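Visitor:
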């Protein structure tokens, strides 16, 4: 049976809740989902990284100190399990992130944080990857298929929460930044579609070409997409 | 919980949202989002069915969402009788664990109302918004089951996520202009919306 929601009951509840003072921020909502993630998966810690305008993955929230440092290390080196999940737009699992050869520049540092078994999933908004969610154990750990499916499922919950919280958070600076994102969502999607057709690549690879071009040219990904649509070329491509 | 507010603010540049672009009533989006989260709970919390009951403006507990006919019947029966695990959760402001609803003497009237439907174990966790109880998340097992500590912790944590979602939805609704009720009497013209999993 499809999930059924009684809209009138929901409306009555929301009307009641609207009498309470505003206090829901995107940050607070993300903290809540990351904290819940630790309980749901019985893991040592969890964190969420979110991409900026140049599509560089940055620290957002973490359930504990090592989780925060894990995100900082990956931001600094530009590689690691969360970066990989975001870049390839697929689930990444690691028996021991502290010895994993897929991120040689940071594996030792990750291990020294006491982070070992690690699972990461990409997080999307409007179909575009915008970040990655990870959970980890303080010992090497084999993630079974049911755990992988469950984290991917929880990633969908995180996406729902992000959409709602982004819309609800009307703080000045944040609202301005979101307006930027809204302005450029359409050209980014069209730019990805253009690269898919032009270069014969899939959605993930097309998006990565766009984000790499934004990073290397130190420009916002939306602006790079607009240029691509106007000229048919990415910034680094010869005329 | 460690937070880098500057980093997060910077990272928001990349966020996009169909919700912000959404031209229809916020209630439809809130309804779809709630349905998605309730449906996911069934998988994530290893339940045979999941439901949500919410308090309305008058403080009446009403059936709000369900993933199965059994959950819907259970919640509607609780709403009619004014008793059940969901009501106890609201009254006690804490999680209620029922190992076997059918044999629990506290719920004899409720079980009679449900017959011939069989419900085994029930876990009802309070949904809090800004610290105040706003409803409950109900997990159903078809057979008797002793809820473990980790299952209970997970359900409580998930109920907090649902509360956060409802709080953000209410806040978003405040930002949107009020709409007139639709011709069918429902606030958004949907009456009650079904959402595919």
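Chains as they are written, first to last, in our numbering: chain L, 3 to 241; chain P, 371 to 567. Cβ atoms here follow ideal geometry from the backbone N, Cα and C, with glycine treated the same way. Source: prediction; values computed, not measured.
Since I believe residue 421 of chain P is in contact with residue 435 of chain P (beta carbons under 8 Å), could you give me their beta-carbon distance rounded to a whole number of angstroms?
Guide: Their Cβ separation, rounded to whole angstroms, is 6 Å, which keeps residue 435 of chain P and residue 421 of chain P in contact under 8 Å.
Visitor: How would you label residue 518 of chain P, buried or exposed, when you count the other beta carbons within 10 angstroms and need 16 or more for buried?
Guide: Per the 10 Å Cβ criterion, exposed.
Visitor: Does the distance from the C-beta atom of residue 494 of chain P to that of residue 533 of chain P stay below 7 Å?
Guide: Taking 7 Å as the Cβ cut-off, residue 494 of chain P and residue 533 of chain P do not qualify as a contacting pair.
Visitor: Would you call the CB atoms of residue 194 of chain L and residue 208 of chain L closer than 7 Å?
Guide: It is a contact, given that the beta carbons lie within the stated cut-off.
Visitor: Between which two residues does the beta strand (DSSP E) harbouring residue 136 of chain L extend?
Guide: Residues 130-138.
Visitor: For residue 506 of chain P, does the count of other Cβ atoms within 10 angstroms reach 16, so buried, or fall short, so exposed?
Guide: With 16 or more other Cβ atoms within 10 Å, it is buried.
Visitor: Tell me where the alpha helix (DSSP H) around residue 507 of chain P begins and ends.
Guide: Not the alpha helix (DSSP H): residue 507 of chain P falls in the beta strand (DSSP E), residues 502-510.
Visitor: Leaving out the 5 sequence neighbours to the left and right, which residues in its chain are closer than 6 Å to residue 178 of chain L when beta-carbon positions are compared?
Guide: The pLDDT assigned to residue 178 of chain L is 46, lower than 50, so where the model puts this residue is not dependable; a value taken from the coordinates is nonetheless given after this. Once the five neighbours on either side are set aside, residue 178 of chain L has no close Cβ partner at all.
Visitor: Is the Cβ of residue 167 of chain L closer than 7 Å to any Cβ of chain P?
Guide: Yes - at least one Cβ of chain P is within 7 Å of the one on residue 167 of chain L.
Visitor: Would you say residue 414 of chain P and residue 42 of chain L are within 7 Å of each other, going by their C-beta atoms?
Guide: Closer than 7 Å, so yes.
Visitor: Can you tell me which of P:481, P:465 and P:445 puts its alpha carbon nearest to the alpha carbon of residue 503 of chain P?
Guide: Nearest option by C-alpha distance: P:465.
Visitor: Under a three-way DSSP split, which group does residue 3 of chain L fall into?
Guide: Looking at residue 3 of chain L - three-state DSSP - the assignment turns out to be coil, as it is neither helix nor strand.
Visitor: Exposed or buried, residue 445 of chain P, counting other C-beta atoms within 10 Å across all chains shown (16 or more means buried)?
Guide: Residue 445 of chain P is buried by the Cβ-count criterion.
Visitor: Mapping DSSP to helix, strand and coil, what is residue 83 of chain L?
Guide: In the structure shown, residue 83 of chain L sits in a helix (DSSP, three-state: H, G or I).
Visitor: Closest by CA to residue 430 of chain P, which one among L:96, L:18 and L:99?
Guide: Among L:96, L:18 and L:99, the Cα nearest to that of residue 430 of chain P belongs to L:18.
Visitor: How many whole angstroms separate the CB atoms of residue 165 of chain L and residue 403 of chain P, which I take to be in contact at a CB cut-off of 8 Å?
Guide: Indeed they touch by this definition, with Cβ atoms about 7 Å apart.
Visitor: With respect to the beta strand (DSSP E) encompassing residue 37 of chain L, which residues constitute its N-terminal and C-terminal limits?
Guide: Element bounds for residue 37 of chain L: not the beta strand (DSSP E) but the alpha helix (DSSP H), 28-43.
Visitor: Name the DSSP bridge partner or partners of residue 47 of chain L?
Guide: Its beta-bridge partners are L:138.
Visitor: Does the beta-carbon of residue 129 of chain L have 16 or more other beta-carbons within 10 angstroms, so that it is buried, or is it exposed?
Guide: Result: exposed.
Visitor: How close, in whole Å, do the beta carbons of residue 49 of chain L and residue 136 of chain L come, if the pair is a contact with beta carbons under 8 Å?
Guide: Right, the Cβ-Cβ distance comes to about 5 Å (below 8 Å), so this counts as a contact.
Visitor: Note down, in chain order, each residue of its chain lying with its Cβ closer than 7 Å to the Cβ of residue 213 of chain L, except the 5 sequence neighbours on either side.
Guide: Taken in chain order, the residues that qualify are 57 and 223.
Visitor: Give me the residue from P:526, P:447 and P:459 with the minimum Cα distance to residue 479 of chain P.
Guide: For residue 479 of chain P, the nearest C-alpha among the options comes from P:447.
Visitor: Please name the residues in the stretch 4-19 of chain L whose beta-carbon is closer than 9 Å to at least one beta-carbon of chain P, in chain order.
Guide: The residues in question are 4, 5, 6, 7, 8, 9, 10, 11, 12, 13, 14, 15, 16, 17, 18 and 19.
Visitor: Chain L partners of residue 437 of chain P, CB-CB under 9 Å?
Guide: Those within 9 Å of residue 437 of chain P in chain L are 3, 4, 5 and 6.
Visitor: Measure how close the beta-carbons of residue 196 of chain L and residue 45 of chain L come, nearest whole angstrom, since I'm counting them as under 8 Å.
Guide: Their Cβ separation, rounded to whole angstroms, is 40 Å, which puts residue 196 of chain L and residue 45 of chain L out of contact at 8 Å.
Visitor: Quick check on residue 433 of chain P: does DSSP put it in helix, strand or coil?
Guide: Residue 433 of chain P falls in the strand class under three-state DSSP.
Visitor: Determine, using beta carbons only, whether residue 406 of chain P and residue 437 of chain P come nearer to each other than 7 Å.
Guide: Not a contact, by the Cβ cut-off of 7 Å.
Visitor: Which partner residues does residue 423 of chain P have in the DSSP bridge list?
Guide: DSSP, once it has assigned bridges, lists P:433 and P:506 as partnering residue 423 of chain P.
Visitor: Can you tell me where the alpha helix (DSSP H) holding residue 122 of chain L begins and where it ends?
Guide: Not the alpha helix (DSSP H): residue 122 of chain L falls in the beta strand (DSSP E), residues 120-127.
Visitor: Using the Cα positions of residue 419 of chain P and residue 103 of chain L, report the straight-line distance between them to the nearest angstrom.
Guide: Each residue's Cα considered, the two are about 42 Å apart.
Visitor: Going by DSSP, which residues form a beta bridge with residue 496 of chain P?
Guide: Answer is P:506, bridged to residue 496 of chain P.
Visitor: If you drop the 5 nearest sequence neighbours on each side, which residues of the same chain put their C-beta closer than 6 Å to that of residue 124 of chain L?
Guide: Excluding sequence neighbours, residue 124 of chain L sits near 87, 88, 91, 131 and 134.
Visitor: In terms of alpha-carbon separation, which member of L:155, L:192, L:217 and L:220 lies closest to residue 412 of chain P?
Guide: Of the candidates L:155, L:192, L:217 and L:220, the one whose C-alpha sits nearest the C-alpha of residue 412 of chain P is L:155.
Visitor: Indicate whether at least one CB of chain P lies closer than 7 Å to the CB of residue 152 of chain L.
Guide: With 7 Å as the cut-off, residue 152 of chain L counts as an interface residue toward chain P.
Visitor: So, at 6 Å on beta carbons, what are the nonlocal neighbours of residue 9 of chain L in its own chain, with the 5 sequence-adjacent residues on each side left out?
Guide: So the list is empty, once near-sequence residues are dropped.
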